[in-house]
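Q: I'd like to ask some things about the structure below.
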Amino acid sequence: MATSSELNTSKQKSISVDIKGHHAQCELNFHRLLTLMPGWKEGAERWAFAIGSGHLFKVQMRVIDSARYTTTLEVEQHQQGLQPPRLIVRLYHDASMAEIISWDGHRHWKPHYDYPNPQMYMPDEKLALNRFLGDWLEVCRTQGYARSD
Numbered sequence: 001m002a003t004s005s006e007l008n009t010s011k012q013k014s015i016s017v018d019i020k021g022h023h024a025q026c027e028l029n030f031h032r033l034l035t036l037m038p039g040w041k042e043g044a045e046r047w048a049f050a051i052g053s054g055h056l057f058k059v060q061m062r063v064i065d066s067a068r069y070t071t072t073l074e075v076e077q078h079q080q081g082l083q084p085p086r087l088i089v090r091l092y093h094d095a096s097m098a099e100i101i102s103w104d105g106h107r108h109w110k111p112h113y114d115y116p117n118p119q120m121y122m123p124d125e126k127l128a129l130n131r132f133l134g135d136w137l138e139v140c141r142t143q144g145y146a147r148s149d
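The following block contains the structure:
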């Protein structure tokens, strides 16, 4: 007959968190961001890009906090008629990593969620958000152009 601890162990789900993948994504995001921030080391604090024919999307980035080892950016994507998503991204200079720390007021994501959950977060929500940031930055790098406004 199985003991209660053996039953509890057999009921536990195997949780796999892709730490290597998350770190790799954050490193890529750091380098993508730096290419989109000309003049940052010299004190520039704002950047804007237009994307798509007819400037369908506008992306704005600005420094909201700067410290010795970190810089915090606000990144917004504007599209006519829609509320822009507001991302807060922290760059960690000593680790050469950047990750989303807030999205429209949501923050402090766990590395893994059971699904479904009350917030309807994906099981790998934290990694998925940083992948989205990477995709978004890559679109800015390849299809956007700097605006002067």
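The numbering of the sequence shown is my numbering, which starts it at 1 and goes up by one. Even glycine gets a Cβ: it sits at the ideal position worked out from N, Cα and C.
1) Using only the alpha-carbon positions, how far apart do ASN117 and CYS140 sit?
2) According to DSSP, simplified to helix, strand and coil, what is PHE132?
3) If you follow the beta strand (DSSP E) that LYS20 is part of, which residue opens it and which one closes it?
4) What's the call for ASP124, buried or exposed, on a 16-neighbour Cβ count within 10 Å?
5) Determine contact between the segment 126-141 and the segment 99-112, defined as no fewer than three beta-carbon pairs at a distance below 8 Å.
6) Below 8 Å, can you find three or more Cβ-Cβ pairs linking the segment 105-120 to the segment 39-58?
7) Who are the Cβ neighbours of THR72 in its own chain at under 6 Å, not counting the five residues just before and after it?
A: Walking through what the data contain:
1) To locate residue 117, count along the sequence shown from 1; it is residue 117. To locate residue 140, count along the sequence shown from 1; it is residue 140. Cα-Cα distance, rounded: 33 Å.
2) Taking the sequence shown and counting its residues from 1, the one referred to as residue 132 is at position 132. Helix.
3) Translated into positions along the sequence shown, residue 20 becomes position 20. Looking at the DSSP string, LYS20 is not in any beta strand (DSSP E); the run it does join, the alpha helix (DSSP H), is 19-35.
4) As a working note, residue 124 is residue 124 in the sequence shown. The residue is buried, with at least 16 neighbouring Cβ atoms inside 10 Å.
5) yes
6) no
7) On the sequence shown, residue 72 is found 72 positions in, with the first residue counted as 1. Cβ within range, chain order: ILE64, ASP65, ARG90.
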